[in-house]
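Engineer: Quick one: the structure is below, and I'll ask about it shortly.
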Amino acid sequence: MNRMDEPLRISDDMAAVRDRHRRAADELIRDEELRLYIDGEWIESDSEKRLEIVNPTTDTPLASAPAANAADVERAVTAAWRGFESWGEYDPSERQRTLGRIADRIEANAERLARIDVLDNGKPITEARTDVELVADHFRYFSGVLRSLEGKTVPGGDGQHVETLREPYGVVAGIIPWNFPLLMATWKLAPALAAGNAIVLKPAEETPLSVVELLHLAGDLLPDGTVNVIMGYGPEAGRALVQHDRIGKVAFTGAVETGKGVMKDAADNITDLTLELGGKSPIVVFPDADIGTAVDVATEAMFFNCGECCCAGTRLFVHEDVYDRFTSAFVAAAESLTIGDPLSESTDLGPEITHTQRNRTEHYISLAEDAGAEVLTGGPATDRRLEAGYFVEPTVIESVPHESRVVQEEIFGPVEVLFEWSEYDDMIDRANDIDFGLAAGIVTEDLEDAHRAARDMEAGNIWVNQYNTFPAGQPFGGYKQSGMGRETARETLEAYTRTKTINFNLERS
Ligand code: NAD
Numbered sequence: 401m402n403r404m405d406e407p408l409r410i411s412d413d414m415a416a417v418r419d420r421h422r423r424a425a426d427e428l429i430r431d432e433e434l435r436l437y438i439d440g441e442w443i444e445s446d447s448e449k450r451l452e453i454v455n456p457t458t459d460t461p462l463a464s465a466p467a468a469n470a471a472d473v474e475r476a477v478t479a480a481w482r483g484f485e486s487w488g489e490y491d492p493s494e495r496q497r498t499l500g501r502i503a504d505r506i507e508a509n510a511e512r513l514a515r516i517d518v519l520d521n522g523k524p525i526t527e528a529r530t531d532v533e534l535v536a537d538h539f540r541y542f543s544g545v546l547r548s549l550e551g552k553t554v555p556g557g558d559g560q561h562v563e564t565l566r567e568p569y570g571v572v573a574g575i576i577p578w579n580f581p582l583l584m585a586t587w588k589l590a591p592a593l594a595a596g597n598a599i600v601l602k603p604a605e606e607t608p609l610s611v612v613e614l615l616h617l618a619g620d621l622l623p624d625g626t627v628n629v630i631m632g633y634g635p636e637a638g639r640a641l642v643q644h645d646r647i648g649k650v651a652f653t654g655a656v657e658t659g660k661g662v663m664k665d666a667a668d669n670i671t672d673l674t675l676e677l678g679g680k681s682p683i684v685v686f687p688d689a690d691i692g693t694a695v696d697v698a699t700e701a702m703f704f705n706c707g708e709c710c711c712a713g714t715r716l717f718v719h720e721d722v723y724d725r726f727t728s729a730f731v732a733a734a735e736s737l738t739i740g741d742p743l744s745e746s747t748d749l750g751p752e753i754t755h756t757q758r759n760r761t762e763h764y765i766s767l768a769e770d771a772g773a774e775v776l777t778g779g780p781a782t783d784r785r786l787e788a789g790y791f792v793e794p795t796v797i798e799s800v801p802h803e804s805r806v807v808q809e810e811i812f813g814p815v816e817v818l819f820e821w822s823e824y825d826d827m828i829d830r831a832n833d834i835d836f837g838l839a840a841g842i843v844t845e846d847l848e849d850a851h852r853a854a855r856d857m858e859a860g861n862i863w864v865n866q867y868n869t870f871p872a873g874q875p876f877g878g879y880k881q882s883g884m885g886r887e888t889a890r891e892t893l894e895a896y897t898r899t900k901t902i903n904f905n906l907e908r909s
């Protein structure tokens, strides 16, 4: 459905938006010609390829960066091992203090970092500020929890003393997507550093600016080489990192298909892996649910970060008793969201990250229509209506066959599919009948129903009467093809270490 005759909900006229973004970029972006951060220095690459960083709101260039090649990866890994020689010697209290100081610098520059992510990613400023709060808090969390990293003694045989140590890998790699640029960087940097590793981080092609700024603001707090940032294309720089034989662990966040390739490449050196991949998460609304709560949860789950969220609640299962009431309230909520300039305080949805991503989202909506679905609100946008930027309207679809691509595949845009349910077991079967298992939401006032559904759902993260809360310490990760390993928690810290067992013969010692 293409409602070209209906009024736009773009909050500002594009000429004013462009002007505001141009001024913000002049103020916030230090250098339109970015360089790689290796061994504590900003250096050029001899690569002939470059990355063009584009503002998705205005479709105008923000900066350009060298696209790191295999030689740059080699330099970064070598520098990281030198960095590890110093950082690996820091005792836990020194590491704790350093990570705390990084958090201080982030907090002191929070608005600047948030606005850079808005320019680069298009996320609304209110959401970008929440990201930066989480970023600072994650550094603080890992600065504290690193003090709990300890080995153990194990009852051995006669005359034996068995103890274990938890040792860092030395140098690890982080590869991240574009949807939460600074937060995803932090989910790798904070635990890697806390455990005593040096790291080579490859941001997404589209969004390196906030992590570059973080290193400008706080790089001096770490020994040279401890953190290295290389911008570059996945198949070249990302792959060279994963295949490098002196990388002890790869922490990857991205799409499932890319993750499968990373896993195969890591196999050559039996490199340890954490994979945080895609999702297609269900939300279940029970018949006793408070409709206001259900609408709030579903709106947050679906339209947060413009639907560009790995754990987005994209399949909504609503009990038949409340289906009509819920659906009309949810559609009204979707229609009341403000799409527009992400620098504006009142904007709920900014643009999608790229032209390609917007086209992809619109393609899925067309596929749903072809499969006989009814589009209750939203639908493909057009350039004529939206003038510039990669905007897509919040879209709600029903009557979609379970096996259709719009139900089974991750879209990564603001597109919700609705289902009615009556029998609990059938609903759980449908909710679980998917390759992904990242997250799920449950809305009910009955604790017993909530517990039962939470146990029955095949997902790594379940939210009850809320969605998208990410306090540090809460393990985050997927079941099935949504990945392996957990982030943002104490077990993450351990996953950046290896266990060494030492067995002493007491009779000869
Ligand atoms: P992507 O897989 O295309 O890219 C992710 C990163 O991998 C980028 O830095 C990219 O350059 C790099 N890359 C690409 N090919 C590579 C290769 N062959 N070897 C090594 N690195 C390579 O994903 P995207 O489009 O940037 O991000 C969206 C995806 O990320 C979605 O599927 C989303 O669900 C997922 N995601 C998951 C989580 C989570 O925690 N589970 C969080 C955020 C995003």
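Sequential numbering from 401 applies to the sequence shown in the numbering used here.
Even glycine gets a Cβ: it sits at the ideal position worked out from N, Cα and C.
Leaving out five residues before and five after Arg758 in sequence, what residues of the same chain have Cβ atoms less than 6 Å from its Cβ?
Structural biologist: Counting only Cβ-Cβ distances below 6 Å, and skipping sequence neighbours, we find Glu752, Tyr790 and Val792.
Engineer: Exposed or buried, which one is Phe904 when buried takes at least 16 other CB atoms within 10 Å?
Structural biologist: So Phe904 counts as exposed.
Engineer: For a test of the three-state rule: what should DSSP assign to Lys588, helix, strand or coil?
Structural biologist: Here Lys588 sits in helix by DSSP.
Engineer: Looking at the ligand NAD, does it come within less than 8 Å of Glu452, judged from the CB to the closest heavy atom?
Structural biologist: No, Cβ of Glu452 sits at least 8 Å from all heavy atoms of the ligand NAD.
Engineer: Could you please give the first and the last residue of the uninterrupted alpha helix (DSSP H) stretch that includes Gln757?
Structural biologist: His755 to Asp770 is the span of the alpha helix (DSSP H), which, as asked, contains Gln757.
Engineer: Could you check whether the Cβ of Val775 sits closer than 9 Å to any Cβ belonging to chain B?
Structural biologist: Judged by its chain identifiers, the structure shown contains no chain B, having just a single protein chain.
Engineer: Taking the beta strand (DSSP E) that His719 falls in, what are its first and last residues?
Structural biologist: Element bounds for His719: Gly713 to His719.
Engineer: Between which two residues does the beta strand (DSSP E) harbouring Asn628 extend?
Structural biologist: Unbroken beta strand (DSSP E) run through Asn628: Val627 to Val629.
Engineer: Quick one: is Thr899 buried, meaning 16 or more other Cβ sit within 10 Å of its Cβ, or exposed?
Structural biologist: With fewer than 16 other Cβ atoms within 10 Å, it is exposed.
Engineer: State buried or exposed for Arg784, treating a residue as buried only when at least 16 other CB atoms are found within 10 Å of its CB.
Structural biologist: Because the pLDDT at Arg784 is just 42, under 50, the model does not fix this residue reliably, and the point stays unresolved.
Engineer: Please say whether Asn705 and Glu606 have beta carbons closer to each other than 9 Å?
Structural biologist: Not closer than 9 Å, so no.
Engineer: For the beta strand (DSSP E) holding Glu672, just list the boundary residues, first then last.
Structural biologist: Sequence inspection shows Asp at residue 672; the Glu mentioned does not correspond to that position. Asp672 to Glu676 is the extent of the beta strand (DSSP E) around Asp672.
Engineer: Thinking C-beta only, is Ile691 closer than 9 Å to Phe726?
Structural biologist: Yes, the Cβ-Cβ distance between Phe726 and Ile691 is below 9 Å.
Engineer: Can you tell which of Glu676, Leu565, Ala594 and Ile630 has its C-alpha closest to the C-alpha of Arg475?
Structural biologist: With distances taken between Cα atoms, Arg475 lies closest to Ile630.
Engineer: As an exercise, report each continuous beta strand (DSSP E) stretch of at least 3 residues that is fully enclosed by the stretch 536-574, in chain order.
Structural biologist: Segments of the beta strand (DSSP E) lying fully in the stretch 536-574: 560-568.
Engineer: Please say whether Thr626 and Leu601 have beta carbons closer to each other than 9 Å?
Structural biologist: Against a cut-off of 9 Å, the Cβ pair of Thr626 and Leu601 comes out as no contact.
Engineer: Tell me which same chain residues have a C-beta within less than 6 Å of the C-beta of Arg890, skipping the five on either side of it?
Structural biologist: Correct list, in chain order: Val545.
Engineer: Pro524 lies in the beta strand (DSSP E); which residues open and close that run?
Structural biologist: Per DSSP, Pro524 belongs to no beta strand (DSSP E) and is neither H nor E.
Engineer: DSSP three-state label for Leu737, please.
Structural biologist: Leu737 falls in the coil class under three-state DSSP.
Engineer: Thinking just about the alpha-carbon of each residue, which of His561, Glu803, Leu749 and Thr457 is nearest to the one in Ala771?
Structural biologist: Ranking the options by Cα distance to Ala771, first place goes to Glu803.
Engineer: I think Leu838 touches Gly873, with their Cβ atoms under 8 Å apart; what is that distance to the nearest whole Å?
Structural biologist: Rounded, the Cβ-Cβ distance is 19 Å, inconsistent with contact.
Engineer: In whole angstroms, give me the CA-to-CA distance for Glu494 and Asn865.
Structural biologist: Cα to Cα, Glu494 sits roughly 40 Å from Asn865.
Engineer: Identify whether Leu743 lies in helix, strand or coil by the three-state DSSP scheme.
Structural biologist: The answer is coil: DSSP assigns Leu743 none of H, G, I, E or B.
Engineer: Can the beta-carbon of Ile443 be found closer than 9 Å to that of Tyr437?
Structural biologist: Cβ atoms of Ile443 and Tyr437: closer than 9 Å.
Engineer: For the stretch 629-647 against the stretch 512-527, are there 3 or more C-beta pairs whose distance is under 8 Å?
Structural biologist: Cβ pair count under 8 Å is below three, so no.
Engineer: Using the DSSP secondary-structure output, state which residues sit across from Phe836 in a beta bridge.
Structural biologist: Lys880.
Engineer: Determine the direct distance from the alpha carbon of Pro635 to that of Gly650, and round the result to whole angstroms.
Structural biologist: The question names Gly, but residue 650 is Val in the sequence shown. For Val650 and Pro635, the distance between alpha carbons rounds to 15 Å.
Engineer: The beta strand (DSSP E) with Arg436 in it runs from where to where?
Structural biologist: Note on identity: in this sequence residue 436 is Leu, with Arg being the wrong assignment. Residues Leu436 to Ile438.
Engineer: Does the ligand NAD have a heavy atom nearer than 8 Å to the CB of Lys602?
Structural biologist: It does: the Cβ of Lys602 is within 8 Å (strictly closer) of some heavy atom of the ligand NAD.
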